[in-house]
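Here the sequence shown stands for residues 1 to 261, where the numbers follow full-length UniProt numbering.
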Amino acid sequence: MSKVIYDYDFIFKDNNNAEQNVIFCHGFNSSPNSFKQFQNYWTKTNYYALQFPTCNKTTTLKDHQISIYQYAKLLIEFVKNNNLKNITLIGHSMGCMIISIAYMTDPDLFNKLIYIAPTDALKNRHLKKYYFAKDFDSYLQFLDLLYYDSSIFTSNSNWLKQAKQKFNASDFNDPELIKLRDSLEQDQLQQDIKKAHSLINIPTLLVLGEDDKLVNRTECLDYFNKQVKNVKTCWISKTGHMIFDENFDEFINVVEDFILD
């Protein structure tokens with residue numbers, strides 16, 4: 001295909017199938033690399049993952065705003081500028097907000113939606129306290145919120161030593177990140193996301209963790225079953241918020257079947 005058009009970093013894996021496309025939208029202050037296991041595994045369709053500004057130390061360009069609405073606009077423009085079709089959108093955490101607003105704005109662009117651990121988690125007092133970590137101990141508590149078993153990291157003395165050396169509180173407390181966090185709590189955004197869910201009429205999959213400390217599994221399942229027409233739902237054993245990192249085999253079995261069905 002011709003050169004990919006996008007203002008920010010992206011990942012493109014050319015699997016010689018431009019007739020079908022998967023696009024991944026990352027979570028809060030994350031990056032396209034967060035879905036690396038899927039990227040490495042996936043060969044059935046072309047694959048894209050987009051970086052959104054402010055997250056992962058990405059400078060905001062042009063007159064772009066720091067908001068989910070702007071991120072959704074960037075996603076829609078990416079699809080149109082690159083003439084993509086037959087699209088499965090995958091969102092993780094905050095990325096689920098992005099795909100919801102993008103679908104509500106231009107539903108005809110998309111064929112399937114996959115929600116992985118969707119969250120208004122930044123309303124969650126624990127995440128507010130620990131994500132914007134001021135010290136390394138708070139960062140470790142944040143990891144405990146993300147993972148089913150954070151000891152896969154913390155029991156490794158070499159990892160602990162390197163992580164402590166690399167830890168920089170400014171990476172978690174940048175004023176632009178705070179601005180993004182605050183934007184996620186606006187009532188209008190929450191109302192629009194709920195409206196978007198009620199309008200969905202394409203195949204939709206919800207994937208949750210067994211013990212996600214940021215997303216209440218029972219409440220989320222109940223909400224999606226009531227709000228989204230004909231949604232397929234599942235939860236993956238021995239996982240927290242980072243489902244695809246913790247039990248990829250079970251995760252990909254569900255997701256691959258859904259995409260290819």
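For glycine and all other residues, C-beta sits at the position ideal for the given N, C-alpha and C. Keep in mind that this is a model prediction, so the values were computed, not measured.
Hey, residue 256 and residue 235: beta-carbon distance below 7 Å or not?
no
What do you reckon, are the CB atoms on residue 99 and residue 89 nearer than 7 Å?
yes
Could you tell me the alpha carbon to alpha carbon distance between residue 205 and residue 117, rounded to whole angstroms?
11 Å
Compute the Euclidean distance between the alpha carbons of residue 23 and residue 149, then round it to the nearest angstrom.
28 Å
With DSSP as the reference, identify every bridge partner of residue 235, one or two as the case may be.
208
Given this structure, state the Cα-to-Cα distance separating residue 172 from residue 63, to the nearest angstrom.
23 Å
Buried or exposed: where does residue 20 fall if 16 or more other Cβ atoms within 10 Å of its Cβ makes it buried?
buried
Cβ-based neighbour list, residue 212, same chain, cut-off 7 Å, excluding 5 preceding and 5 following
117, 240 and 241
If we count the other Cβ atoms within 10 Å of its Cβ and call it buried at 16 or more, is residue 214 buried or exposed?
buried
At the level of alpha carbons, what is the spacing between residue 238 and residue 254?
15 Å
Residue 158 lies in the alpha helix (DSSP H); which residues open and close that run?
157-166
I believe residue 55 touches residue 93 by the beta-carbon criterion, under 8 Å. Please report the beta-carbon distance rounded to the nearest angstrom.
Contact doesn't hold; Cβ gap of about 11 Å is too wide.
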